[in-house]
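Novice: Can you read through this structure? Questions will come right after.
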Amino acid sequence: MSYQVDENGFYGEFGGAYIPEILYKCVDELRKAYLPVIESAEFQQEYRQLLRDYAGRPSPLYYAERMSRKYGCHLYLKREDCNHTGAHKINNAIGQILLAKKMGKTRVIAETGAGQHGVATATVCALMGMQCEIFMGKTDVERQHTNVERMRMLGAKVNPVTTGNMTLSDACSAAIRDWCCHPSDTYYLVGSTMGPHPYPDLVAKLQSVISEEIKIQLQEKVGRDYPDYLVACIGGGSNAAGTIYHYMDDERVKIVLAEAGGHGIDSGYTAATIHRGRTGILHGSKMLVMQTPDGQIEEAFSISAGLDYPGVGPMHCNMAKQGRTQVFAINDDEAIYAGYEMTRLEGIIPAIESAHAVAALSKMSFRPDDIVVLTVSGRGDKDVETYLKNKEMAKEYGNF
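Numbering follows the numbering used here, with no gaps: position 77 of the sequence shown is 94.
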């Protein structure tokens, strides 16, 4: 079995393009353009050069000695937090802005939750001299104020979204509504492996540089190009997709993902879609969706703005359903504790999104010779206020 997308844009039963008629031409144009463009020698040369000279790739694969001792394995951290703009999002943004230019678009829109995709999009638009508008839930505008100011400093217009619970899902809806009004000149730069085909495949391919580098770096460090375990956090699924891309069909590698449990999967305040979701349509794709019995979208809840989404990309839905991935729901207090733990043991402050992946380690059992690669998807500068405000959450787990 292959877990890659099929010719119709589906991963098993999930995926596809469920879109209003007004967007059909835009999405079909993108579907026809993306593979010929991104597989061309010209694109690859420019893309790779920007990843190296602008984004600062390859990102380090760091041996976390103290955490390795604690968890009884050989733990390596894939340091996407070291990239320009502070997260993995720049990998995708660079690729899609080049694609937008090749397609003759002059205006770029994007959604963002934690703000890292918004910052990455604003960054590449500044680099390429393109008009940029970012849609961000009002709740996230307030809790990610620093990233909002970064976007504005880069020249982007930030549109606070006041519908729903004013977080990532609502920002996606607002971006799609804008796209419907400006179909001819606007490129929607989607930030995760969600949305109508070809976005899930496009974003996964552009983020696959992560696993491409892991293979090379592991070969250099341990003499083989695969780990025993890959660990990543998952909301929409972009950093997870990039982490696992070259290992999806390699059964030697166990894949462990951490989604946002919020206050607990049965609390009513959660974003644990793989645990709680049912098959439905959201933002142009068939995926697992948190929804009421009559099909209304439920509001997601997480302390992490980047994981606060009531769906999950179709690639991950299929892999979870097929049993290829093991998914843990990490509660807010567990994530806060794990963030402090990595900070104190390794001197690395992870984004709260990434802290969910760190927290998954305590739910796993390792052999002493196991090689574990965990992706630190972003740095925690943007979350310092949230860490400090919620420090009490971690007290029952340890004295920080």
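Positions of the beta carbon are idealized from the N, C-alpha and C atoms, including for glycine.
Given a threshold of 16 other Cβ atoms within 10 Å of its Cβ, counted over all protein chains shown, does HIS91 qualify as buried or as exposed?
Specialist: buried
Novice: Do PHE60 and LYS303 have their beta-carbon atoms positioned less than 7 Å apart in this structure?
Specialist: no
Novice: In the DSSP assignment, find the alpha helix (DSSP H) that holds THR309 and state where it starts and stops.
Specialist: Note, THR309: premise wrong, no alpha helix (DSSP H); not H, not E.
Novice: For LEU115 versus ALA143, is the C-beta spacing smaller than 7 Å?
Specialist: no
Novice: Report the option in GLN343, ASP202, VAL136 and LEU78 whose CA atom is closest to the CA atom of LYS1.
Specialist: The structure shown does not extend to residue 1, since the chain is modelled only from 18 through 417, so no value can be given for it.
Novice: Exposed or buried, what is ILE193 when buried is set at 16 or more other beta-carbons lying within 10 Å of its beta-carbon?
Specialist: buried
Novice: Around the Cβ of CYS198, are there at least 16 other Cβ atoms within 10 angstroms (buried) or fewer (exposed)?
Specialist: exposed
Novice: Anyone know if the C-beta pair for TYR326 and ALA337 falls short of 7 Å?
Specialist: no
Novice: Please name the residue or residues paired with GLN343 in a DSSP beta bridge.
Specialist: VAL273
Novice: Applying the criterion that 16 or more other CB atoms from any shown protein chain within 10 Å of the CB defines a buried residue, is ASP350 buried or exposed?
Specialist: Result: buried.
Novice: Per DSSP, what are the beta-bridge partners of ILE298 in this structure?
Specialist: Partner(s): LYS303.
Novice: Have a look at LYS222, ILE111 and ASP45 and flag the residue whose alpha-carbon is nearest the alpha-carbon of ARG69.
Specialist: ILE111
Novice: LEU229 by DSSP, collapsed to three states: which one?
Specialist: Residue identity differs from the one stated: residue 229 is Glu in this sequence, not Leu. Looking at GLU229 - three-state DSSP - the assignment turns out to be helix.
Novice: Roughly how many angstroms lie between the CA atoms of GLY281 and GLU63, to the nearest whole one?
Specialist: 45 Å
Novice: Between which two residues does the alpha helix (DSSP H) harbouring ARG361 extend?
Specialist: Counted as a single uninterrupted DSSP element, the alpha helix (DSSP H) harbouring ARG361 occupies residues 349 to 363.
Novice: Please name the residue in CYS99, THR140, MET147 and ASN182 whose C-alpha comes closest to that of VAL158.
Specialist: ASN182
Novice: Could you tell me the boundaries of the alpha helix (DSSP H) in which ARG96 lies?
Specialist: Taken as a continuous stretch (DSSP letters only), ARG96 belongs to no alpha helix (DSSP H), being part of the beta strand (DSSP E) at 91 to 96.
Novice: Determine which residues share a DSSP beta bridge with LYS174 and list them.
Specialist: GLU150
Novice: Let me check you understand the geometry: is the CB of LEU299 closer than 6 Å to at least one non-hydrogen atom of the ligand FAD?
Specialist: The ligand FAD is not among the ligands present in this structure, which contains no ligands whatsoever.
Novice: Comparing C-alpha positions only, which one of GLY33, GLU97 and ASN335 sits nearest to MET265?
Specialist: ASN335
Novice: For TYR246, report the span of its beta strand (DSSP E) as first-last.
Specialist: 246 to 250
Novice: In whole angstroms, what is the alpha-carbon distance linking GLY130 and ALA72?
Specialist: The straight-line gap from Cα to Cα measures roughly 21 Å.
Novice: Is the segment 359 to 373 close to the segment 229 to 246, with three or more CB pairs under 8 Å?
Specialist: no
Novice: Here's a check: name, in chain order, each residue in its chain whose Cβ is nearer than 8 Å to the Cβ of ASP398, leaving out the five neighbours to either side.
Specialist: GLY103, THR163 and ILE366
Novice: Using alpha carbons as the reference points, say which of PRO215, PRO177 and THR392 lies closest to ALA275.
Specialist: THR392
Novice: Less than 7 Å between the beta carbons of ALA352 and ALA376, yes or no?
Specialist: yes
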